[in-house]
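Report on the structure given below.
There are 2 protein chains.
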Amino acid sequence: MSKPVLHTVLSPKLLKLYDCNNAVVVIIDVFRATSTIATALFNGAKHIIPVDSVEKCIAIGTQTKGITAGERDGKVIEGLQYGNSPAEYPESFIKGKILVLTTTNGTKLLHMALNAGAEKVITGSFPNLSAVCDFLIAENKNVILGCSAWKDKFNLEDTLFAGAVVNKVKEHFTIHCDSSLMAEEMYNLHQHDLFSFIRGLTHWHRLEKFGLEKDLEYCVTTDVANILPLYKNGALVVG
Amino acid sequence: MSKPVLHTVLSPKLLKLYDCNNAVVVIIDVFRATSTIATALFNGAKHIIPVDSVEKCIAIGTQTKGITAGERDGKVIEGLQYGNSPAEYPESFIKGKILVLTTTNGTKLLHMALNAGAEKVITGSFPNLSAVCDFLIAENKNVILGCSAWKDKFNLEDTLFAGAVVNKVKEHFTIHCDSSLMAEEMYNLHQHDLFSFIRGLTHWHRLEKFGLEKDLEYCVTTDVANILPLYKNGALVVG
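As they're listed, the protein sequences go chains F and S.
Numbering of the first sequence is given in the working numbering, commencing with residue 1 and proceeding in unit increments.
Numbering of the second sequence is given in the working numbering, commencing with residue 1001 and proceeding in unit increments.
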């Protein structure tokens, strides 16, 4: 029997070049949306509603009695309650609550994948790497690893996570894709020096000035919130 | 004095995210358009007219008494005279002649760069690596390394060439660009095993069945046609 096909998409701008129909799409936004999503669900959030605007975040927050959260340029957005840091969502705070999260890059890609006919959409980050890989192997369907990028520009942190997934699942898939090959090689090259390597990335420099070093190190730590966020009926729930 | 800025663009689909205004844009289409362009000019072609359709190729070929050339799927296109292989253009054949070349990916990107306000457009490939680097350093302007990709999908051969350029010119430029960082790391990783590494790329598998192994090896050989193709008044000439 032929194996399902896996591709890595390096920017939302390139998503249309790939066939999402009946595929599992993994939304990757390592710094920090999908790391925060995994962490909040792992710590007992009831579910997480990803939205693409502040207005929607406030409206849905009111309607669901959820916690509204989102950042722009490293600061909590005016009118919202919390930010986009995984450290803000320990079990003592988030357990049993609904989180309404607005992010720029990740939420956009998630809605694009749904519109493109994805059968299942999950979110991936280093904190839930194994859960993502286990799910992809068990589903045995075509896979798109979708990097959220930064305003559509290629970034390395999302690529490194895609490479980590390729490294762990490749024997179960047919992979003829230079993006996946590159992503895995970059991951292999840096899997043992991620903390120092991320200090050279453009996104690090963007966030470092807000004192987020510990956050970013957490975001490249494997399996510390090892749960599967699955998109269902408008929200991310434990899959 | 601040240094000019260098970016690597991994697909034509991403070009709009970058500022081409007043920049030097390097068109990269390693397999095989820009390798063929360097070779034909190095071997004495009068100039090369890149066109984006077969119809234009035939019309301009007739008008200029030039040689018409182009391939689709590894075969010379019906109605044209020659293909897209650097081996077809030795000095004994091409010296003093005009070449009208139609290619899919490279020509499209070249016209996009011109429309985006590029000040100078040149073409780059391993056979003319040093000439490209010398020009970029001497110009001292912002640089876009534009990978032609394959039908807008990321490819590694163009990325490796971008990485080779970054490796050689980086001290002259400000580079805060994950694409450039990745490209240079991939080049550093494979600069000594390019012949074997390219055998794993998707484009290799596409062209290998047409018996083009020698061609592809030539296309990753450094400085064997070390000349600068510069776009001027509708044609590529020695810059």
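Ideal Cβ positions, reconstructed from N, Cα and C, are used throughout, including at glycine.
- By alpha-carbon distance to I144/F, the top candidate from G66/F, K214/F and I175/F is I175/F.
- Neighbours of F154/F across chain S, judged by C-beta separation under 8 Å: L1010, L1014, D1178, S1179 and M1182.
- At least one CB atom of chain S sits nearer than 8 Å to the CB of G200/F.
- Neighbours of E185/F in chain S, taken as residues at a C-beta separation under 8 Å, are given in chain order as M1186 and L1189.
- K1232/S sits in a strand when the DSSP states are folded into three classes.
- Residues of chain S whose Cβ lies closer than 9 Å to the Cβ of H205/F are, in chain order, H1176.
- Among the CB atoms of chain S, one or more fall inside 8 Å of the CB of L17/F.
- For T1064/S, the CB contacts under 8 Å within the same chain, skipping 5 residues up- and downstream, are I1049, I1098 and V1100 in chain order.
- Per DSSP, reduced to three states, the secondary structure at Y18/F is coil, with no helix or strand assignment.
- Considering only I1077/S, G1074/S and D1029/S, the residue with the shortest C-alpha distance to L1156/S is D1029/S.
- Between the alpha carbons of N1142/S and A1023/S lies a distance of about 5 Å.
- With a contact defined as Cβ atoms closer than 8 Å, V1220/S and F1126/S qualify at about 5 Å.
- The Cβ neighbour count for H1192/S, taken over all protein chains shown within 10 Å, is under 16; the residue is labelled exposed.
- Residue pairing by DSSP puts P1050/S in a beta bridge opposite L1101/S.
- Assignment of T107/F by DSSP, reduced to helix, strand and coil, places it in the helix class.
- Contact between A1183/S and T1008/S holds: their C-beta atoms lie close to 5 Å from each other, under 8 Å.
- Per DSSP, reduced to three states, the secondary structure at I1060/S is helical.
- Here the alpha carbon of K13/F sits roughly 34 Å from the alpha carbon of A1138/S.
- In this structure, DSSP gives H1192/S a state outside helix and strand, which the three-state scheme calls coil.
- Annotated three-state conformation of A33/F is helix, per DSSP.
- Under the rule that a run must span 3 or more residues, the beta strand (DSSP E) segments found entirely inside the stretch 85-160 of chain F read 98-102, 120-124 and 143-147.
- N43/F places its beta carbon 8 Å or farther from that of E88/F.
- With a threshold of 16 other beta carbon atoms within 10 Å, K1214/S falls short and is exposed.
- With at least 16 other beta carbons inside 10 angstroms of its own, N128/F counts as buried.
- Annotation: the continuous alpha helix (DSSP H) that includes L216/F extends over E213 to C219.
- The shortest CA-to-CA distance from D1073/S to any of T1103/S, T1062/S, S1130/S and L1017/S is the one to T1103/S.
- Taking a contact as a CB-CB distance under 8 Å, the pair H203/F and F31/F counts as one, their CB atoms being some 5 Å apart.
- Around the CB of M1112/S, 16 or more other CB atoms lie within 10 Å, so the residue is classed as buried.
- If you draw a 10 Å sphere on the C-beta of N84/F, you find 16 or more other C-beta atoms in it, and that means buried.
- Here L1109/S really is in contact with S1148/S; their C-beta atoms are around 5 Å apart, less than 8 Å.
- Exclusion of the five residues before and after G239/F leaves L228 and L230 as the residues of its chain whose Cβ lies within less than 6 Å of its Cβ.
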